[in-house]
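Student: Let me begin by handing over the structure; questions about it come next.
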Amino acid sequence: MMETKTITYHIQHDDPAPVVGQYMVFVGKRGILSVHLVRSVRKVVPRVISEYAKYRMVLLPQPELKALTDYEWDEDGLAVWVRGEPALPSVWMPRSSK
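If you read the sequence shown in numbering that gives the first Met the number 0, its first letter stands for residue 0, the second for the next number, and so on.
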């Protein structure tokens, strides 16, 4: 059994919520980093009112789908597809030095 990864996903309130069975693609400066399958989604209740909705997600790595993934940057942001189906994008940003 493969190891799962747990993350907190931040999206705008008007964006659709993530769904179990959907794919999530991590994209970096040099292209696609990894592809994951969403195994569980739980909405996080905020302590402080924010402009973002937060979801706690458990992800299962799917390295074999990296070759079947496509992405495109446009004026609205990043669009990602896995096997032709829309996927959740996540852009990796390097940590700033202190």
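No residue lacks a Cβ here, since even glycine has one placed at the ideal position from N, Cα and C. Being a predicted model, the structure only gives us computed values, none of them experimental.
Quick check on M1: buried or exposed, where buried means 16 or more other Cβ atoms within 10 Å of its Cβ?
Tutor: Looking at its Cβ environment, which holds fewer than 16 other Cβ atoms inside 10 Å, M1 is exposed.
Student: Is the beta carbon of G20 sitting closer than 9 Å to the one on V34?
Tutor: No, the Cβ-Cβ distance between G20 and V34 is not below 9 Å.
Student: Between R55, R46, D75 and W72, which lies nearest to Y8 when the distance is taken from Cα to Cα?
Tutor: Cα-wise, what sits closest to Y8 is R55.
Student: Residues in the same chain with beta-carbon distance under 7 Å from I10, minus the five sequence neighbours each way, listed in chain order, please.
Tutor: Once the five neighbours on either side are set aside, the close Cβ partners of I10 are Y51 and A52.
Student: Sorted by chain position, which residues of the same chain lie with C-beta nearer than 6 Å to Y43's C-beta, five sequence neighbours on each side aside?
Tutor: Inspection of the sequence shows that residue 43 is occupied by Val rather than by Tyr. If we look at V43 and ignore the five residues flanking it on each side, its Cβ neighbours are K53 and R55.
Student: Write down every uninterrupted run of the beta strand (DSSP E) in the stretch 29-56 whose length is 3 residues or greater and which is fully enclosed by it, in chain order.
Tutor: Taking only runs of at least 3 residues, the beta strand (DSSP E) segments lying wholly in the stretch 29-56 are 30-43.
Student: Does the beta carbon of H12 come closer than 9 Å to any beta carbon on chain C?
Tutor: Of the protein chains in the structure, only one exists, and it is not chain C.
Student: Give me, in chain order, the residues of the same chain whose beta-carbon lies closer than 8 Å to that of P62; leave out the 5 immediate sequence neighbours on both sides.
Tutor: Result list for P62: S33 and V34, in chain order.
Student: State the DSSP-derived secondary structure class of E74, mapped to helix, strand or coil.
Tutor: The answer is coil: DSSP assigns E74 none of H, G, I, E or B.
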